[in-house]
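Novice: My questions all concern the structure below.
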Amino acid sequence: MTPADGPPRDGGLPFFVYGTLRPGERYYLRLLSGRTASEAPARLPGAVLYEGLGYPYATRGDGVVTGALIAPLPEEYGQVLRVLDQLEECFGPGDPRNLYDRVARTVELPGGGTARAWVYLAAAPLARELRTHGTPLPSGDWLSARRPAPAPPRSPSARGNADRA
1482 MTPADGPPRD
1492 GGLPFFVYGT
1502 LRPGERYYLR
1512 LLSGRTASEA
1522 PARLPGAVLY
1532 EGLGYPYATR
1542 GDGVVTGALI
1552 APLPEEYGQV
1562 LRVLDQLEEC
1572 FGPGDPRNLY
1582 DRVARTVELP
1592 GGGTARAWVY
1602 LAAAPLAREL
1612 RTHGTPLPSG
1622 DWLSARRPAP
1632 APPRSPSARG
1642 NADRA
């Protein structure tokens, strides 16, 4: 991975992903599978995660967001960057049409290391709306937040009553 204080080896930063682009999730499978050189668990400090309609939003804040650090294959980097910018509706730095802004941030790696990475954060108008009316995910982990809690075990008498119903 890329050291936090050094230039990226392949000329482009890896990506920190925290929602549908995480390994195994729907947009990872559609857009990134087979196009990555490396993938590692990572955490983004200084951010808060919010519920979205089928995907999460991250904003700057006082929390920590759980995700993955993904480095595209060097020969795929330009195409991956274009596809992710398109998916995230990122038209360019400061563009008022942006849904997300792509910003360079330092992420934490297992074992205490850090890396610089591109992160898609909610653009300013959306971030303001989320802070006012959004639903934060306190765990900072979209995958664990969207999984339903296991149902409590039913007592034998409850099972018997359900069988008769």
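Its first residue numbered 1482, the sequence shown is counted upward by one per residue in my numbering.
Glycine residues also receive a C-beta, built at the ideal position from the N, C-alpha and C atoms.
Over what stretch of residues does the alpha helix (DSSP H) that includes residue 1627 continue unbroken?
Specialist: In this chain, the alpha helix (DSSP H) harbouring residue 1627 covers 1623–1627.
Novice: Can you check which of these residues, 1522, 1625, 1618, is closest to residue 1593 by C-alpha distance?
Specialist: 1522
Novice: Give the range of the alpha helix (DSSP H) segment to which residue 1608 is assigned.
Specialist: For residue 1608, the enclosing alpha helix (DSSP H) stretches over residues 1605–1614.
Novice: Quick check on residue 1646: buried or exposed, where buried means 16 or more other Cβ atoms within 10 Å of its Cβ?
Specialist: Low confidence applies to residue 1646: its pLDDT is 40, below 50, so where it sits in the model is not reliable, and the reading given next is rough at best. Exposed, since its Cβ has fewer than 16 Cβ neighbours within 10 Å.
Novice: Taking contact to mean 3 or more Cβ pairs, one atom from each stretch, closer than 8 Å, check whether the stretch 1609–1628 and the stretch 1541–1551 are in contact.
Specialist: yes
Novice: Using the three-state DSSP reduction, which class does residue 1493 fall into: helix, strand or coil?
Specialist: coil
Novice: Return the CA-CA distance between residue 1573 and residue 1603, expressed in angstroms with no decimal places.
Specialist: 13 Å
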